[in-house]
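Numbering (our numbering), first residue to last: 3 to 107.
Input: a single structure, listed below in structure tokens.
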């Protein structure tokens with residue numbers, strides 16, 4: 003049975019926390035790859051695609067920070083974790099932010 007991991011509500015988004023999450027080059031690379039994929043994607047596939055050269059625990063930490071900042075939504079189904087950008091939620095709270103930070107390659 004699919005389960006959504008805990009995440010902040012749109013009203014509780016904090017710009018400082020979001021920008022801090024995006025300040026790390028590894029997290030920004032993951033978010034950029036996810037932002038440009040346009041579709042939900044398995045966490046492990048995205049990590050391979052981003053080719054960060056980081057350990058699995060470090061990548062897992064980066065996913066958690068992005069989720070806790072409100073940037074992503076993670077759904078677990080068995081051992082698989084599907085992650086997607088919370089585009090509509092971010093646009094509602096901070097219009098244009100994701101496009102400004104992640105839009106250009």
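Built from N, CA and C at the ideal position, the CB exists for glycine as well.
A quick note: this is a predicted structure, and the numbers were derived from the prediction, not measured.
(Q) Could you check whether residue 28 and residue 64 sit closer than 8 Å to each other, using their CB atoms as the reference points? (A) yes
Q | Between the CA atoms of residue 37 and residue 14 - distance to the nearest angstrom | A | Each residue's CA atom was taken as its position, placing residue 14 and residue 37 some 22 Å apart.
Q | Candidates 71, 21, 52, of which the one nearest residue 8 by Cα | A | 71
**Q.** CA nearest to the CA of residue 91, picked from 78, 35, 69
**A.** 69
Q) According to the neighbour-count rule (16 or more other Cβ atoms, all chains shown, within 10 Å of its Cβ), is residue 25 buried or exposed? A) exposed
Q. Given residue 12, which residues of its chain have a CB within under 8 Å of its CB, disregarding the five upstream and five downstream residues?
A. If we look at residue 12 and ignore the five residues flanking it on each side, its Cβ neighbours are 72, 91, 94, 95.
Q: Pick out whichever of 10, 16, 47, 31 has its Cα sitting closest to the Cα of residue 103.
A: Nearest to residue 103 by alpha-carbon distance, out of 10, 16, 47, 31, is 31.
Q: Report the residue from 83, 81, 39, 62 whose alpha carbon sits nearest the alpha carbon of residue 89.
A: 39
Q. Smallest Cα separation from residue 5: which of 101, 85, 77?
A. 77
(Q) Run through the DSSP bridge pairs and tell me what residue 43 is partnered with. (A) 85
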